[in-house]
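Participant: Going line by line, the protein sequences match chains V and D. For what it's worth, our numbering labels the leading residue of the first sequence as 14, then goes sequentially. For what it's worth, our numbering labels the leading residue of the second sequence as 5, then goes sequentially. C-beta: ideal position from N, C-alpha, C; glycine also. I am attaching a structure below and will ask some questions about it afterwards.
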Amino acid sequence: MDKVKLNKYFERSLWVFHLNTGSCNGCDIEIVAGLTPRYDLERFGIKLVGSPRHADVLLVTGPVTHKMADRVKRVYEQTPDPKAVIVVGVCGISGGVFYDSYNLLGSIDKIIPVDVYVPGCPARPEAIINGVLQAWIKLEKLREGMKAAQAK
Amino acid sequence: MLGLLETGSGFWSAIIWVIVVLVIGGIVYYIRNKGEKSYKKNTEQDKPFISGNPELSKEGSHISASHIFWGFTEALKDYYAPLVKTHTGNINDYASWIVILMVIILIIVGVNG
Numbered sequence: 014m015d016k017v018k019l020n021k022y023f024e025r026s027l028w029v030f031h032l033n034t035g036s037c038n039g040c041d042i043e044i045v046a047g048l049t050p051r052y053d054l055e056r057f058g059i060k061l062v063g064s065p066r067h068a069d070v071l072l073v074t075g076p077v078t079h080k081m082a083d084r085v086k087r088v089y090e091q092t093p094d095p096k097a098v099i100v101v102g103v104c105g106i107s108g109g110v111f112y113d114s115y116n117l118l119g120s121i122d123k124i125i126p127v128d129v130y131v132p133g134c135p136a137r138p139e140a141i142i143n144g145v146l147q148a149w150i151k152l153e154k155l156r157e158g159m160k161a162a163q164a165k
Numbered sequence: 005m006l007g008l009l010e011t012g013s014g015f016w017s018a019i020i021w022v023i024v025v026l027v028i029g030g031i032v033y034y035i036r037n038k039g040e041k042s043y044k045k046n047t048e049q050d051k052p053f054i055s056g057n058p059e060l061s062k063e064g065s066h067i068s069a070s071h072i073f074w075g076f077t078e079a080l081k082d083y084y085a086p087l088v089k090t091h092t093g094n095i096n097d098y099a100s101w102i103v104i105l106m107v108i109i110l111i112i113v114g115v116n117g
């Protein structure tokens, strides 16, 4: 991806809400690693926020437990449009090591639509950053689509 | 009525007060107008975020500001509920508890002694 195109996407900040639906915290630690000085995502305006109502992107970790299912749905619905969902870690994608557990409803895409999958156990910070970038590109396209629709 | 009122330690002017209200109101309106507009009315986007939990009714979620032990009593309500029931406010009940506990203690002491 060339520099000009990247600059276009970095015009406005990307606010991310992190939701743990039953993760072992392995992926959550790797997300935090993305914010530490080694990677320092905040210099690009990517920051974690405390409410989905302020977020552009949902970053979901872990398989969905039965108790979390309706909360995941509610958090997704509370996020303003346009929004993108990233699943971090193999547990949220397929159940991972918890596959077929009695306590799980299943993968995240059974509950809410998912835009980007970042596999790994846990996913590496580089992979998470790449996933966020993919979600950002998708989000900008959605925004452009919404703007074009409003212009008509 | 709209004139300047000197109080000795300051002054009061209704016109200045109205101007200040208008200026502050204008600033508040401007900041509010810059906020996110895309929230859809009458959907979940319009409701407060309570860690993903559903919003309780106003009656169900009312906690007075003075109730600083609310979290404590809520967490231990299974323990407190039977204790509250035993506090009837009737002195005969309390005296009965003393007699009953005294009998139990004397039986234990008598058996072990």
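Do G144(V) and I121(V) count as a contact pair if the criterion is CB distance below 7 Å?
Facilitator: Within the first sequence, the letter at position 108 stands for residue 121(V). Within the first sequence, the letter at position 131 stands for residue 144(V). No; because the gap between Cβ atoms is not below 7 Å, this pair is not in contact.
Participant: Between the region 92-110 of chain V and the region 39-57 of chain V, do three or more beta carbon pairs fall short of 8 Å?
Facilitator: Enough Cβ pairs lie closer than 8 Å, so yes.
Participant: Cβ of G56(D) less than 7 Å from any chain V Cβ?
Facilitator: Taking the second sequence and counting its residues from 1, one reaches residue 56(D) at position 52. Yes, G56(D) lies at the interface with chain V (some Cβ there is under 7 Å from its Cβ).
Participant: Runs of 4 residues minimum, wholly inside the region 37-89 of chain V: which ones carry the alpha helix (DSSP H) assignment?
Facilitator: The region 37-89 of chain V contains these whole alpha helix (DSSP H) runs: 39-46.
Participant: If the criterion is Cβ atoms closer than 7 Å, does the pair V129(V) and A148(V) meet it?
Facilitator: Position 116 of the first sequence, counted from the first residue, corresponds to residue 129(V). Position 135 of the first sequence, counted from the first residue, corresponds to residue 148(V). Yes, they are a contact pair.
Participant: Pull up the distance between the alpha-carbon of K44(D) and that of D97(D), whole angstroms please.
Facilitator: Residue mapping note: residue 44(D) aligns to position 40 of the second sequence, counting from 1. Residue mapping note: residue 97(D) aligns to position 93 of the second sequence, counting from 1. Taking the straight line from one Cα to the other gives about 58 Å.
Participant: Just mark T8(V) as buried or exposed, buried being the case when its beta carbon has 16 or more other beta carbons within 10 Å.
Facilitator: With chain V represented from 14 up to 165, any question about residue 8(V) goes unanswered, as that position is not in the structure.
Participant: Distance cutoff 7 Å, beta carbons only. Does Q173(V) sit that close to anything in chain D?
Facilitator: The requested residue 173(V) does not occur in the structure, where chain V is confined to residues 14 to 165.
Participant: R66(V): which of V45(V), K151(V), P95(V), R156(V) sits nearest, CA to CA?
Facilitator: Locating residue 66(V) in the first sequence gives position 53, counting from the first residue. That would be P95(V), whose Cα lies nearest to the Cα of R66(V).
Participant: Between S42(D) and chain V, is any beta-carbon pair separated by less than 7 Å?
Facilitator: The count along the second sequence starts at 1 and reaches residue 42(D) at position 38. At least one chain V Cβ lies under 7 Å of S42(D).
Participant: Strictly under 7 Å for the Cβ-Cβ distance: is R84(V) near chain D by that measure?
Facilitator: As a working mapping, residue 84(V) is identified with position 71 in the first sequence. Taking Cβ atoms only, chain D reaches closer than 7 Å to R84(V), which makes this a yes.
Participant: Can you list, in chain order, the residues of the region 68-82 of chain D whose Cβ is nearer than 7 Å to any Cβ on chain V?
Facilitator: Per Cβ criterion, the list is empty.
Participant: So, are the CB atoms of N116(V) and T92(V) less than 7 Å apart?
Facilitator: As a working note, residue 116(V) is residue 103 in the first sequence. As a working note, residue 92(V) is residue 79 in the first sequence. Not closer than 7 Å, so no.
Participant: According to a CB-to-CB cut-off of less than 7 Å, which residues of the region 44-67 of chain V neighbour chain D?
Facilitator: Those residues of the region 44-67 of chain V that come within reach of chain D (Cβ to Cβ, closer than 7 Å) are S64, P65, R66.
Participant: Answer with buried or exposed for E48(D), where buried requires no fewer than 16 other C-beta atoms within 10 angstroms of its C-beta.
Facilitator: The residue labelled residue 48(D) in the question sits at position 44 within the second sequence. When all chains shown are included, E48(D) counts as buried.
Participant: CA-CA distance, Y89(V) and R51(V)?
Facilitator: Here residue 89(V) is taken as the residue at index 76 of the first sequence, counted from 1. Here residue 51(V) is taken as the residue at index 38 of the first sequence, counted from 1. So the two alpha carbons sit approximately 30 Å from each other.
Participant: When you compare the CB positions of K51(D) and E59(D), do they come within less than 7 Å of one another, or not?
Facilitator: Mapped onto the second sequence, residue 51(D) falls at position 47. Mapped onto the second sequence, residue 59(D) falls at position 55. Their beta carbons are under 7 Å apart, which means K51(D) touches E59(D) by this criterion.
Participant: According to the neighbour-count rule (16 or more other Cβ atoms, all chains shown, within 10 Å of its Cβ), is I124(V) buried or exposed?
Facilitator: Here the question's residue 124(V) lines up with position 111 in the first sequence. Result: buried.
Participant: Using beta-carbon positions only, say whether F82(V) and F30(V) come within less than 7 Å of one another.
Facilitator: Residue 82(V) sits at position 69 when you count from the first residue of the first sequence. Residue 30(V) sits at position 17 when you count from the first residue of the first sequence. For the record, residue 82(V) in the displayed sequence is Ala; it is not Phe. No, the pair does not count as a contact, with Cβ atoms beyond the cut-off.
Participant: Give me whichever residues DSSP pairs with Y101(D) in a beta bridge.
Facilitator: On the second sequence, position 97 is the one that residue 101(D) refers to. Per the sequence shown, the amino acid found at residue 101(D) is Trp instead of Tyr. Per DSSP, none; premise fails for W101(D).
Participant: Would F53(D) count as contacting chain V if we go by Cβ distances under 7 Å?
Facilitator: Position 49 of the second sequence, counted from the first residue, corresponds to residue 53(D). Closer than 7 Å: yes.
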